[in-house]
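What follows is a single structure, written as structure tokens, with notes after it.
Numbering (the numbering used here), first residue to last: 10 to 354.
Written as structure tokens, this is what we have:
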């Protein structure tokens with residue numbers, strides 16, 4: 010009889026107490042690994058681990074039919090309660106994980122469709138740009154020669170003004186051709202550590218002449234570097250800021266905030282412009298899509314920005330309310346996360 014009693018104590022201590030403690034430690038440690046993927050799942054796993062700590066004491070330290078001295082509750086009831094909580098938190102974690110996995114799969118499918126569109130349109134754009142670039146260069150040289158000749162002959166100023174207008178339009182067409190070429194040849198440059206806040210400030214300096222009637226509010230947190238191309242990141246911010254300025258011809262406010270969310274760096278740019286209609290919002294990152302008047306834009310700014318952020322292993326999202334304004338959120342992995350993902354890849 011004494012042997013059976015000792016065996017019972019040994020089994021409870023080994024499997025009930027030590028086993029539950031190891032399980033609790035494993036779940037709490039794993040919750041830290043899951044945190045970058047899903048904060049909600051990480052919390053549920055941590056709660057499950059904490060509940061296992063209680064279960065370890067209830068099942069391993071106290072024998073069956075034991076009644077707690079402070080609270081007259083049978084130990085079996087406390088074990089059952091802990092088991093129910095463990096089941097509840099595990100089911101919640103699995104359910105949230107399933108939902109978030111489905112969302113990520115859907116997002117990846119959308120990204121693949123977008124990538125196919127960009128690839129097809131890129132090849133088309135390269136052909137168009139190449140065909141029109143040479144004639145435009147020749148036309149520009151011809152206009153410059155005519156201007157020089159008319160100026161030296163003392164021809165009326167009206168003719169020179171008209172030629173200047175022609176030259177301006179040729180330059181605009183040439184700029185569009187260059188944008189098409191840039192769009193068709195996205196390539197990942199040699200990345201280097203970049204401070205996003207510096208890229209934002211540099212973009213604002215370059216945009217200063219356009220921001221004369223705009224109130225710009227900055228909330229830039231102390232954040233780690235990202236791995237990227239500073240020139241291309243500046244181009245993204247300039248594209249977004251330009252759209253915001255054009256949406257507020259009478260002036261308004263632009264707010265720029267940066268922050269660190271776990272191992273991702275987030276930048277949020279909001280404006281108080283006219284906003285974008287609900288039906289147009291899903292198309293804003295499509296190449297050549299624009300809500301501007303004909304001749305006022307190429308529709309490549311946000312599409313190129315989308316491509317650049319994708320090259321940086323990040324995401325770009327846009328939300329807008331007509332009459333209230335637009336918000337663009339950019340998420341890029343911090344340097345440490347980028348290097349870890351690259352090493353795994």
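Virtual Cβ for every residue (Gly too), placed ideally from N, Cα, C. The structure presented is a predicted model; accordingly, all values stated were derived computationally and were not measured.
Beta-carbon spacing of residue i, residue j below 9 Å
| i | j | result |
| --- | --- | --- |
| residue 233 | residue 269 | yes |
| residue 125 | residue 49 | no |
| residue 30 | residue 59 | no |
| residue 150 | residue 186 | no |
| residue 260 | residue 238 | no |
| residue 114 | residue 47 | no |
| residue 67 | residue 87 | yes |
| residue 360 | residue 264 | What is shown of the chain runs 10 to 354, which leaves residue 360 out entirely. |
| residue 295 | residue 319 | no |
| residue 256 | residue 332 | no |
| residue 241 | residue 317 | yes |
Proximity winner among the options, relative to residue i (alpha-carbon distances)
| i | options | result |
| --- | --- | --- |
| residue 247 | 89, 277 and 209 | 209 |
| residue 349 | 332, 328 and 322 | 322 |
| residue 53 | 99, 122 and 325 | 99 |
| residue 141 | 93, 179 and 337 | 179 |
| residue 346 | 333, 92 and 271 | 271 |
| residue 222 | 282, 267 and 62 | 282 |
| residue 121 | 335, 315, 331 and 336 | 315 |
| residue 205 | 227, 253, 220 and 186 | 227 |
| residue 267 | 279, 84, 261 and 32 | 279 |
| residue 61 | 203, 96 and 51 | 96 |
| residue 252 | 288, 293 and 239 | 293 |
| residue 92 | 286, 57 and 42 | 57 |
| residue 182 | 148, 111, 159 and 230 | 148 |
| residue 26 | 262, 63 and 90 | 63 |
Beta-ladder partner(s) of residue i, from DSSP
| i | result |
| --- | --- |
| residue 324 | 340 |
| residue 277 | 266 and 338 |
| residue 223 | 261 |
| residue 330 | 334 |
| residue 235 | 203 and 343 |
| residue 228 | 266 |
Nonlocal neighbours in the same chain, by C-beta distance under 7 Å from residue i, ignoring five residues either side
| i | result |
| --- | --- |
| residue 211 | 243 |
| residue 303 | Residue confidence is low: residue 303 scores 45 on pLDDT, short of 50, so the model does not pin down where it sits. Its coordinate-derived value is still stated next. Contacts found: none. |
| residue 44 | 51 and 271 |
| residue 39 | 54 |
Contact set for residue i: own chain, Cβ-Cβ below 6 Å, skip 5 residues either direction
| i | result |
| --- | --- |
| residue 236 | 200, 344 and 347 |
| residue 341 | 235, 274, 321 and 323 |
| residue 219 | 254 |
| residue 330 | 284 |
| residue 176 | 152 |
| residue 326 | 338 |
| residue 102 | 50, 53 and 54 |
| residue 305 | Note on residue 305: pLDDT 48, under 50, position unreliable in the model; no value is reported. |
| residue 32 | 61 |
| residue 336 | 279 and 328 |
| residue 71 | 84 |
| residue 310 | 248 |
| residue 229 | 206 and 267 |
CB contact below 9 Å: residue i versus chain C
| i | result |
| --- | --- |
| residue 336 | Of the protein chains in the structure, only one exists, and it is not chain C. |
Close-in-space but distant-in-sequence residues of the same chain around residue i (CB under 8 Å, 5 per side omitted)
| i | result |
| --- | --- |
| residue 159 | 168, 169 and 172 |
| residue 4 | Residue numbering for the chain in the displayed model covers 10 to 354; residue 4 lies beyond these limits and cannot be assessed. |
| residue 203 | 234, 235, 236, 237, 238, 239 and 242 |
| residue 34 | 58 |
>> If contact is defined by three or more beta carbon pairs under 8 Å, each pair taking one atom from either stretch, is the region 247-259 in contact with the region 210-217?
In response: A contact exists between the region 210-217 and the region 247-259.
> Is the region 165-178 touching the region 145-156, taking contact as three or more C-beta pairs under 8 Å?
Replying inline: Judged by Cβ distances under 8 Å, the region 165-178 makes contact with the region 145-156, as three or more pairs qualify.
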